[in-house]
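Just below is one structure, and these are the notes that go with it.
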Amino acid sequence: MSRVVQALRIGVNRGILEIKQFNRAREAVVFTIAFPVILLFIFGSIFDDEIAPSVTFSQYFVAGMIASGLVNSGFQNLAITIPMERDSGALKRLRGTPMPISSYFIGKSIQVAYSMSLQIVLLLFFGSLFFGLEIPEFGSKWLAFAWIVLLGSLSATVLGIAFSSVPKSGRAASAVVSPIVIILQFFSGVFFVFSQLPGWMQQFAAIFPLKWLTQGMRYVFLPDSFATQEVAGEFELGKIAMILTLWTIVGTLIAIKTFKWMRR
Amino acid sequence: MPPAKNVIQVKGLRKSYGSLTAVDSLDLTIEEGEIFALLGPNGAGKTTTVEILEGYRSRDSGEVSVLGFDPATRGDVANAWRDRIGIVLQDSADGADLTVEESISHFSKYYSRRRDLDQLIEAVGLDDKRKYRVHTLSGGQRRRLDVALGLVGTPELLFLDEPTTGFDPQARRAFWDLIKTLKEDGTTILLTTHYLDEAEALADRVGVITEGKLIEVATPATLGGREQALAMVSWRDKSGVLREESAVDPTSILRRLLNEFDGEIPALSVKRPTLEEIYLRMIGQSR
């Protein structure tokens, strides 16, 4: 069996195992899957005024939450669980076996794809049922949705792996990672309308992927006429693709360079 | 019998962390099929040495060969080497939400020479626990699972790091029996332990490491001149006082006592220093 096939086969096995463990850790399931839905209900119910012709804040918010979902299940999830696995000795044990290193990351990506899909399906379901989210007709918007989800989850996954060497311990990880995500959500047009944020906040958010993900999701789920409400006066799909790709490359390089299998 | 091959060969191994020298010109040879126990106080360089041999840590200098392979090598060849070794680490707490069976069966997928799942679970005594989640296991059961995960690929060389910490005496005996059967199968074992009785029960040879140096390698019976050490004879004399006498040849004392007493010699005991006493003396001297 060729090495690539072997690494893939073990990677898929690891993915199945990761999903099994994820499903059994009930707090994690609730935190990553149900929390965004709860937020959707809170924010969607409080702020339901129209922010543009035929666009309510609830719709705007659902688009932002779907974008956040990618960051939650990729970045936040991995940047917290990998330090915990380092603390528990799981990573050290794996490093002492002949498991191909790539298989570990394939397994993680599968788990991220799984929890991300669950989250998106739930948000789409409740968003369209209660908050006027319109699922676009099959066509170019679906194509855009597909590549935004793909690039978004790729960048979030590699950045989560890259960031996993920052927290000093598994216990500290959540305290280090969660505020970063929450602040980015405030700055990137999830909880507030992006174009109404102060200029410095917009510029700061524009460095990171989440702002571009929310913008892309607004292209997918809001009417085309909303483009005029964007800061640039358009949805800037090309720029979104470029910035997400750039972050994926940077994240991959950092992840390869800094990944640690053992606690010090 | 063909000459024994060296499974582990270390020459002039050095490793420092900043200004602290953890391992200092260490030489070590472990032969095929033997159980070698590495003893030493915490911070003596034991863990660093073993982690270098396991491929977890880099070294500053020296030659290291484990199964004919340099553990510092990276990449696919290193994975082929890891296929032939088994590592049982200290205090792992991973995979808590998986069952015993799921863990072992998953890890077996990494290896080319897989042990039979049922036999392995039975050998480590987890038969009745195979469908249980790992977090429900007791400390000793958890440790036996660790051993099963180290053995799942039928390793030629097994690293055992403090395997019986927290075991009750009965569990420890059962564990020793398991290790002895591995030896019968020809597995070479490098054991680190704080329990001297464990080293004595299992090891063919023991090595004592202090301040980064291997100060002696011997069989448990001869370490630190143990077989020539003074034996202590104690008994109660006719006036009821407890007496003690030390001698290189305790038999001569016994002969004298046999003449002195007609029947039973009250409270008689002949004691040689335990491995632990010898060991404590050795590491005390080197400080």
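Protein sequences appear in the order of chains A and B.
Going by our numbering, the residue at position 256 of the first sequence is 236; the numbering climbs one at a time, nothing skipped.
Add 9 to the 1-based position in the second sequence for our numbering, that's all there is to it.
By construction, the Cβ of each residue, glycine as well, lies at the ideal position given by its N, Cα and C atoms.
Using a beta-carbon distance below 8 Å, is residue i in contact with chain A?
i	result
N51/B	no
M10/B	Confidence in M10/B is poor, its pLDDT being 47 and thus under 50, which makes the residue's placement unreliable; the coordinate value appears in the next sentence. By this cut-off, M10/B is not an interface position.
E110/B	no
H203/B	no
E63/B	yes
L187/B	no
I198/B	no
R122/B	no
I17/B	no
F184/B	no
Y119/B	yes
D246/B	no
F176/B	no
Between residue i and chain B, is there a C-beta pair that is closer than 8 Å?
i	result
L(-3)/A	yes
G87/A	no
G(-9)/A	no
P63/A	no
P78/A	yes
R305/A	The requested residue 305/A does not occur in the structure, where chain A is confined to residues -19 to 244.
M96/A	no
K237/A	no
M242/A	yes
List the residues of chain A that residue i touches, going by C-beta distances under 9 Å, in chain order.
i	result
S101/B	S68, G69, A70, K72 and R73
D69/B	Simply none; closest approach about 17 Å.
D85/B	R(-17) and P80
Take residue i and list the residues in its own chain whose beta-carbon comes closer than 6 Å to its own, dropping the five residues that flank it on each side.
i	result
Q18/B	T38 and S74
F184/B	T173
R(-6)/A	S83 and G87
R124/B	V161 and T163
Which same chain residues, not among the five before or five after residue i, have their C-beta less than 8 Å away from its C-beta?
i	result
R(-17)/A	P80
A124/A	G196, Y199, V200 and L217
A238/B	R281, P282 and I287
I262/B	V242, E254 and A256
May I ask you to list the residues that DSSP assigns as paired with residue i?
i	result
G95/B	L167/B
A59/A	Paired residues: none, contrary to the question.
L29/B	Y26/B
S278/B	S243/B
R142/B	T108/B
N15/B	E40/B
E30/A	T36/A
L199/B	F45/B and F168/B
Which bits of chain B does residue i rub up against, with CB to CB less than 7 Å?
i	result
Q1/A	D106 and L107
M45/A	Chain B residues near M45/A: none, gap ~28 Å exceeds 7 Å.
Which same chain residues end up closer than 7 Å to residue i when comparing Cβ atoms and leaving out the 5 residues on each side of it in sequence?
i	result
E41/B	A13, K14, V16 and T197
I(-10)/A	M79, P80 and S83
S67/B	A81
Y346/B	Within the shown structure, residues of chain B are numbered from 10 to 296, placing residue 346/B beyond reach of any answer.
S135/A	P189, L224, W227, T228 and G231
S175/A	Q209, E210 and V211
V156/A	V146 and P147
Does the ligand ATP have a heavy atom nearer than 7 Å to the CB of residue i?
i	result
G175/B	The ligand ATP is absent from the structure shown, which contains no ligand whatsoever.
Which residues in chain B have a C-beta closer than 8 Å to the C-beta of residue i? List them in chain order.
i	result
A5/A	D106
Check the Cβ of residue i against every Cβ in chain A and list those closer than 7 Å, keeping chain order.
i	result
R91/B	G76, T77 and P78
F78/B	Chain A residues near F78/B: none, gap ~13 Å exceeds 7 Å.
Does chain E have any CB closer than 8 Å to the CB of residue i?
i	result
L98/B	Protein chains A and B are contained in the structure displayed, whereas chain E is not.
Given that residue i touches chain A, what residues does it touch there, using C-beta distances under 8 Å?
i	result
Y26/B	Here the premise fails: no neighbours, minimum Cβ distance about 10 Å.
F116/B	T77
Just to confirm the assignment: which complete beta strand (DSSP E) runs, minimum length 3, are found wholly within the segment 211 to 275 of chain B? The segment 211 to 275 of chain B contains these whole beta strand (DSSP E) runs: 214 to 219, 222 to 227, 240 to 245 and 251 to 256.
Going residue by residue through the segment 17 to 85 of chain B, where are the continuous alpha helix (DSSP H) segments of at least 4 residues, counting only ones entirely within it? Within the segment 17 to 85 of chain B, the runs of alpha helix (DSSP H) at least 4 residues long that lie entirely inside it are, in chain order, 55 to 62.
Whole alpha helix (DSSP H) elements within the segment 81 to 129 of chain A, 4-residue minimum: Qualifying alpha helix (DSSP H) stretches, in chain order: 81 to 110.
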